[in-house]
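Chemist: Residue numbers (my numbering): 1169 to 1508.
#1: If you follow the beta strand (DSSP E) that residue 1423 is part of, which residue opens it and which one closes it?
#2: On the DSSP bridge list, what partners appear for residue 1470?
#3: Looking only at DSSP bridge pairs, what is residue 1291 linked to?
#4: If you measure between the beta carbons of residue 1198 and residue 1234, is that distance less than 8 Å?
#5: Decide if residue 1370 is buried, meaning its Cβ has at least 16 other Cβ atoms within 10 Å, or exposed.
#6: For residue 1228, does the three-state DSSP call read helix, strand or coil?
#7: Return the first residue and the last residue of the beta strand (DSSP E) that residue 1489 is part of.
#8: Would you list, in sequence order, the uninterrupted beta strand (DSSP E) runs of no fewer than 3 residues that lie entirely inside the region 1333–1407?
#9: Label residue 1316 either buried or exposed according to how many other C-beta atoms from any shown protein chain fall within 10 Å of its C-beta, with 16 as the threshold for buried.
#10: On the three-state DSSP scale, how would you describe residue 1269?
#11: May I have the straight-line CA-CA distance separating residue 1539 from residue 1265, to the nearest angstrom?
#12: Expressed to the nearest angstrom, what Euclidean distance is found between the alpha-carbon atoms of residue 1271 and residue 1391?
#13: What does residue 1174 pair with, by DSSP beta-bridge criteria?
#14: From the DSSP output, read off the bridge partner residues of residue 1457.
#15: Throw me the rounded Cβ distance for the residue 1214 and residue 1393 pair, which I believe falls under 8 Å.
#16: Among residues of its own chain, excluding the 5 on either side of residue 1437, which ones have a beta-carbon nearer than 7 Å to its beta-carbon?
#17: Let me check understanding here. Comparing Cα to Cα, which of 1475, 1185, 1244 and 1387 lies closest to residue 1427?
#18: Output the distance between the C-alpha atoms of residue 1139 and residue 1222, rounded to the nearest integer angstrom.
The following block contains the structure:
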């Protein structure tokens, strides 16, 4: 199968592409190599992917519609997975224009390329951040997402709406999956796990926001990839809701479109997450307790019933296991390895 994946030099895109290649698929990876964080880490991910003869990397921006259209048309993918984005809630306060350029203009360009290529399934990475200030938990796909608390969340909400319009107008089966705090080996340096491990290893203090009272539905990267691969094989159809015991479905009544949470549906206290890191590193962290940051939310928790109904699977890796895998990778990476 031919799969076009955007963001293959990124954390999630790299892992998905590696899994697809291992399964024998052909993958074209499209990535702009933006300097949001260390480009050397991105190039190392692509270098590993290039070891497979089934992988072709294209280095270009989503905003370059001509390059994107040409790449998609030349490959004629059977499936498109759109993971590339300007990520990060906090960075959207510092560089808001990049979110407009990548997550809105880039999203539109991707949708137009998909409209012309006509893949059997388009999958788009959204985020749990679209649930915004919702306090009722767990977050269900049918909950309102009209009150984002960051520009990042607003652009992802817009991406979902744009993809629904395209699915309705052009009959393109589309799945929007909402990620919940994904972590694991090869993770982004701006995320809490990478920052905490790096600082504690160097004997530096860590900044703990929300006074340590935040709670997250953490999702280990291998679990996320497994769910994506299974969802790829089950595109939505208009007017065919998935029955969920005690719940409701998220399938559009007018388009082959759906949103799906990908998470295990279990909250972990931030301080328990930090404790797992301390256990793996064998040392205590010196903590600076700080208030909530603008654009952040106190807690997330997914309703995973739709995911289970669709693919018979939900993420299950315990935080202690996932953190251990990251620490092993991080120490290897710091010493010049990082092949895991």
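Note that the Cβ used here is the ideal one computed from N, Cα and C, for glycine as well.
Note that the structure is a prediction, hence the values are computed from the model and not measured.
Modeler: Straight from the coordinates:
#1: Start at 1 with the first residue of the chain shown, and residue 1423 comes out as number 255. Per DSSP, residue 1423 belongs to no beta strand (DSSP E) and is neither H nor E.
#2: Here residue 1470 is taken as the residue at index 302 of the chain shown, counted from 1. 1307.
#3: Translated into the one-based positions of the chain shown, residue 1291 becomes position 123. In the DSSP assignment, the residues bridged to residue 1291 are 1249 and 1343.
#4: Position 30 of the chain shown, counted from the first residue, corresponds to residue 1198. Position 66 of the chain shown, counted from the first residue, corresponds to residue 1234. In this structure, residue 1234 does not lie closer than 8 Å to residue 1198 by Cβ.
#5: Locating residue 1370 in the chain shown gives position 202, counting from the first residue. Flag for residue 1370 reads exposed.
#6: For the purposes of this step, residue 1228 is taken as the residue at position 60 of the chain shown. The answer is coil: DSSP assigns residue 1228 none of H, G, I, E or B.
#7: In the chain shown, counting from the first residue as 1, residue 1489 sits at position 321. Looking at the DSSP string, residue 1489 is not in any beta strand (DSSP E); the run it does join, the alpha helix (DSSP H), is 1487–1502.
#8: 1342–1347 and 1374–1376
#9: Stepping through the chain shown from its first residue, residue 1316 is reached at position 148. Its Cβ being crowded by 16 or more others within 10 Å, residue 1316 is buried.
#10: Translated into the one-based positions of the chain shown, residue 1269 becomes position 101. Helix at residue 1269.
#11: The displayed coordinates of the chain run from 1169 to 1508. Any statement about residue 1539 would go beyond what the structure contains.
#12: The count along the chain shown starts at 1 and reaches residue 1271 at position 103. The count along the chain shown starts at 1 and reaches residue 1391 at position 223. C-alpha of residue 1271 to C-alpha of residue 1391: approximately 25 Å in a straight line.
#13: Here the question's residue 1174 lines up with position 6 in the chain shown. In the DSSP output, where bridge partners are listed per residue, residue 1174 has 1198 and 1250.
#14: What you label residue 1457 is simply residue 289 of the chain shown in a count that begins at 1. Its beta-bridge partners are 1376.
#15: Locating residue 1214 in the chain shown gives position 46, where the first residue counts as 1. Locating residue 1393 in the chain shown gives position 225, where the first residue counts as 1. The pair is not a contact, with the Cβ atoms about 17 Å apart (cut-off 8 Å).
#16: For this step, residue 1437 is matched to residue 269 along the chain shown. Around residue 1437: 1383.
#17: The sequence position of residue 1427 within the chain shown is 259, counting from 1. Looking at the Cα atoms, 1475 is the closest of the given residues.
#18: With the chain covering only 1169 through 1508, there is no way to say anything about residue 1139.
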